Amino acid sequence: MKRLKLWRFVPVIVLAFISCNDYLTVDPDNSTVTEGYYNASQRIEQAVIGTYVDLRRALVSNHAWLMYGEARAGDLAVAADFSSYVVSQKLTADNFELKALSDWGYFYDVIKSANDVLDIVEEADGETLTDYQHNLYKGEALALKSLAYFYLARIWGEIPSAERADFGQRLSGTAAVDKAAGFARESVALLPWLLLNDDGIESAALSAIRFNKTAATLLLAQIELWSGKGQEAYTALIQLYSDNADGKLSAFALSMGADRRTVIPQTPLNASVVSMPVTTLNSIYPQEDQRRSRLFSISQTQATLIVRDQTLLPLLKLDELDLLLAEAVWRSGRMDEARELLVKAADGAVEDYSELAGSDFEDALLLERQRILVGTGQRFFDLIRFGKVSQYVPALSADDVANGAGYWPLSPQSIRGNSWNQNSFWSR
Amino acid sequence: MKQLSKYFWKSARVLLASSVWMTQVYAQEELIIDSLIQSNRAGFENTLQGNVAGLRIKSWSGTAGVQSTINLRGLSLDPTHDATQPLVLINGVPIIVNPSPVTGINPLSYFSPDQIERVEIIKSIDRLAAYGVQAPNGAINLIMKEGKTGPLHVRASASVGINFLSDIDYRKDAFYGFNTIARRVTYGQGAAIHEQNILVDGGGDFGSYLFGLNNHQDGGVVKSSSFGRQSLFLNAKYNISPRLTARFYNNLALASREGRYAGEYNRELLLPVIGDESFFMDKKRNVAFLSSIGLRYELASGLTVSTLAGLSYEGAGRDVYVPSNILKGSIFASSEALKRQLISINTSLNYQHEFSSDWKMDVKLGHELRTTDNRLTSVDGSRSLESGGSNYVKVVTGYNANQTEALSDHEIERIIGLYGVGKWSYKDDLQLNLALRTDGSSRYRQKWGFYPALGFVYKLANRLKIPVTVSASAGKSGMLNRPEVYRGELVGKGDYFSGNELGVGQLYAAFHDAKSVDVYQVDAGVLFGLTPSLTLALDYFHKTYSDFAYRRYLSNIHGLDYRYETGGKISLSGFEVTLNGKWVRTEQFSWSSNLNMAAFNNKMKELPADVAATSFSYLATLVKGDPVTSVIAYESGSAKVIGNSEPRLFGGFSNILQYKDFSAGFTLAFSSAADVIAASLASRYAIAAVGDQFPGKSSETPYYFLEGDERTAVYQGIRTIENGSFIRLSKVEVAYHLGDNLKKSLSISDLKLFLRGDNLVMLSRYSGINPEENLTGIRKADLSLTGTPLPASVVLGLKLVF
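Printed below as a string of structure tokens:
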């Protein structure tokens, strides 16, 4: 046998060692690794959409947005076992869904996802994202984060920060809302009036289910007004009345669909689930109110919301624009202008607000917000904001509210392993 | 090569000739299979039971074809995880050893003990380190029989017998204590076991060959739970040239297991529903193939290069059909398949050198590639019976698409190992062993781990005239942390915009510091040659395992449920004693014994900080020094340790006697002081229903487990905490060998007629049937991780060698 020449194997051995690292990196078939995934705009957009899906889970699972809003205020009835606890303000009862509702984790998921999007967008180069996409995704992430902080502050008051710079630190309700305002302000500057579809054409349908300049402005105005800053809200809102905005205003609703992680109602305003007893309807909307039949299907005993598109859950409606502006100018001390705007906003109401006395403006505004924004989950927050919780919710006295009854209790999961406590009302 | 001195060649030849001797010295413990009493059960581990100090084979289930647990100085933070199993090799090729979750068929049942020549048990770190991350918990190398020099030899054997449960008391039975009607029907009157083997071999200058086939059938003591295996095998060696040798080993096995019992799985079905609780169909089928090719080329005298490539494959499939009389009007069908493959290529350069007549050296440098590739697919569905449908419709014609669930999974893992093993010996007195290995794994970003070990064996007999050999070694091996998490993972969150958009996000963040578990081991041993025929070996070892991967559950403001970390430290130490005696050895009569015992002690050394918030939260009650194998339950709302599932002492005792043409032997297996906790069938309460108060009745024990899900937490009461000590007559055999004259006249070289029994007697105070009928120390009320009664069996057999 010919003698083997060992040196001939040297290249083979060298190649074998060079290929070691490739050999030792296995790309899994049935899972997707994070590393290196976000290398195209479509994939980055998926992360943005993921943040909307997180927000949807936070608001829609267990009908949360209503439980925090109209259901807790007693306006809308939700056909769910646990809703009686919510109506009777027994929010610490031993019930699985109540514990989920008093868990703030889903809102923090929104913040984490939004922060991830901001990081991804920051790292993406000019070839991956166009300027439009860069601004859009960043603006959406900021708006979503702002909305999450705003919900957190309205539901629980004092909350921990989830920002890298001050992670876990306590934010007073005011500080949290200020944070939300900052993010919203930044997003307004970045977002377009209308979003472009894949063909590069402005799409009303796409704009209606994602944050756009109008929606972010409405959010910013809500936040400013929560802090009583009428002039700041006015400055923001007035942009929407400019020529630039003409014909480009778009509301914001959550688009429904399957959540892969939990079961959520896919038609959240379904008439068989969400309704209003006729007695309640009559107490809110007088028989002659022209909007009643536009808003509700009314039977002998109950009224159900008329939903144009069951696959959408409206959160920031254009109908609120005049209401917000009316409030902004009223808080800025311009009564005449405010009265005029309220009349415009409340078109179809029985009441004549054109002669409204200054002292009655607040009640009228609150009533019209209750009527016009029904189903958007804002009612209880309005009661907190206007200091009327004990007036409209008989189960809670003024002292209770002073002790924190307007906020939700914290779930055991939210308190475990940190320094948080229930507020003095819920720890009774 | 010519420049090498003649002296070198001479000494190298001496070394080569002595390589057989070297192998025997390095193999720490070796069992010749034909000298052991074989088990009637299919798994080869049952033959090893009671024969090796420190090797614990726990017969937890009597179901035919199921693997007994195999532990050779093994431990992990989850003591029941299959990571605690030893590495099993066949002729040096790693094989798939843990049963697939799809069929539960034991891979050690794919061959018959008759195929095996001997078994090397590898326990000390100076040998284990050479396997790196593959053998943190010992290794067992099965050396298969080869063809013997000479023309054709034929060996055939056959045995037939039955399996039975004698006088079973249903009240003691974990399985059917709740349904006596079912018990009577299911346990029946025992079932047949039979096995046939044929081996043909031969050899000459060309090499050698051995091929054969065998069949094993076990009707199963539980009705309709039979097991069967057929295999075809070939072991051949071909001397291509005086310097180049090729070896081929192939074993193809088909194995099947029937399991038609509702109660085989759990008690969750609404039972008793029918008399014998049988499913309509539950078929499990495995196809397993092991193939290896080894090439050895002698470059020069003393210098060889060898390559060993192996492929271990198993395709496991399960088809289930549940009829409507169990599912109240619906039928259910499912089909699952798991295909696993393990490919290894090991190439090494071996150099043997004699420095002087006293000093010898044997050095090996090698490279190993190992790939595992497991692919699972499953589909299941149910449909309601149509009007007029029979309850016993045998064929499922199709699924409704919306009632069907499908799943696939694919896992690949790769390892590259580079190793160097050196052995230096001085006369017959001293041997030094050094092993260095580095393993690169696809599981981590920092891919490489380093595993060194050093050891010696010193015989005092020559120099000090004391018949004592001492040995010691220290070193490190590793254990893979799974799953792969170093690049993070994304998850699809949900649909948006009329299903046109998919939202994605992070499931968990990349854990860049992922690495293997470090296993540090120290061994020390003393071997006393009390007389030439009586040896006593005492061995001590201590192992420390650190840096297990776990999940830390994050508070709900993180936006992620968990992240990965590594931590935790546990230890396992123990003494092993082996006494081998050949008491009598005359032409007419011989008697030899083996007694082996092991006392192990495992301890929790360190837990991750705030362990309650991690995936190791089940260990949170343990304090430093507690056994990792502690069983934890609650009493008055607080968790406490109520027992240890591991025995304090375990081992075996064997005796083989031969008188003229008759022989007899037995192997006892024993275990002492393992705690067995029996969950109670009757005391199980939803916490909400009993107002957080346990026990519910004054007669119940104060101990309970917390079970159920988040919505319906339940107390599972404990019935008894018992001592699970036992002595079992694991195997017994009496045999008659045909006399020399008869053999000559019949032209056969051996004929053996034997009667063999398994598990015929068990002595225990345990109130149930089998103190080992649990995997975790807990005999569960829902039957999970709990085995069926262990049957006894007797077979009559014949072995013929032509």
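Which chain is which? The protein sequence lines are P and L, in order.
Heads up: the first sequence begins at 408 in my numbering, then just goes up one per residue.
Heads up: the second sequence begins at 59 in my numbering, then just goes up one per residue.
Yeah, the Cβ is synthetic: ideal placement off N, Cα and C, and Gly gets one too.
Source: prediction; values computed, not measured.
Closer than 7 Å to the CB of P/Y430 there is at least one CB belonging to chain L.
When secondary structure is reduced to three states using DSSP, P/Y445 falls in the coil class, being assigned neither helix nor strand. For L/M537, the pairing in a beta bridge is given by DSSP as L/V575.
Contact check for L/T672 against L/I690 fails: the beta carbons are separated by 7 Å or more. For L/E559, the closest Cβ of chain P is nearer than 7 Å. Residue range M339 to A358 is occupied by the beta strand (DSSP E) that includes L/K341. Closer than 7 Å to the CB of L/I615 there is at least one CB belonging to chain P. Linking L/R706 to L/S730 through their CA atoms gives a straight-line distance of about 6 Å.
Going by DSSP, P/H541 is part of the alpha helix (DSSP H) stretching over D538 to W563. Residue pairing by DSSP places L/A249 opposite L/N221 in a beta bridge.
At least 7 Å separates the CB of L/E426 from every CB of chain P. Within chain P, the C-beta atoms nearer than 7 Å to that of L/R545 come from V440, T441 and E442, in chain order. By the 16-neighbour rule on beta-carbons within 10 angstroms, L/H139 is exposed.
P/A665 reaches chain L at G552, D553 and G557, counting residues in chain order whose Cβ is nearer than 9 Å. Note: L/N659 is bridge-paired with L/S631 in the DSSP secondary-structure output. For P/P567, the C-beta contacts it makes with chain L under 7 Å involve I615, in order along the chain.
L/V191: not part of any alpha helix (DSSP H); DSSP gives it neither H nor E. The residue among L/G120, L/S650, L/I128 and L/G123 with its C-alpha nearest the C-alpha of L/L113 is L/I128. Interface with chain P (7 Å Cβ-Cβ cutoff): L/K422 is excluded.
A direct Cα-Cα distance of roughly 6 Å separates L/S392 from L/G439. Chain-order list of chain P residues neighbouring L/L618: K519, by C-beta distance under 7 Å. Around the Cβ of L/K116, a 10 Å sphere holds 16 or more other Cβ atoms; the residue is buried.
Within chain L, the residues N614 have their CB atoms less than 7 Å from the CB of P/D510, given in chain order. In this chain, L/A850 is not harboured by any alpha helix (DSSP H); it is covered by the beta strand (DSSP E) spanning A850 to V859.
If you keep only unbroken beta strand (DSSP E) runs of at least 3 residues inside the segment 385-427 of chain L, you get 388-412. Of the candidates L/Y484, L/D467 and L/K505, the residue whose Cα lies closest to the Cα of L/I474 is L/K505. Between L/D263 and L/A511, the C-beta spacing is not below 7 Å.
Listed as beta-bridge partners of L/Y620 by DSSP are L/Y611.
Within the same chain, and ignoring the five residues on either side of L/R376 in sequence, the residues whose Cβ sits closer than 6 Å to its Cβ are V160, T161, K342 and E394. Contact between the segment 579-588 of chain L and the segment 554-570 of chain L is absent: fewer than three C-beta pairs spanning the two stretches fall below 8 Å.
Taking CB atoms only, L/H570 has no neighbour in chain P less than 7 Å away. Listed by position along chain L, the residues whose Cβ is nearer than 8 Å to that of P/N825 are S613. Distance check between L/M537 and each of L/D497, L/S284 and L/Y743 places L/D497 closest, using alpha-carbon atoms only. For the segment 475-502 of chain P, there are no residues whose beta carbon sits under 7 Å from a beta carbon of chain L. Note that the segment 460-471 of chain P does not touch the segment 535-544 of chain P; fewer than 3 beta-carbon pairs, one per stretch, sit closer than 8 Å. The continuous stretches of beta strand (DSSP E) do not include P/E758, and DSSP gives it neither H nor E.
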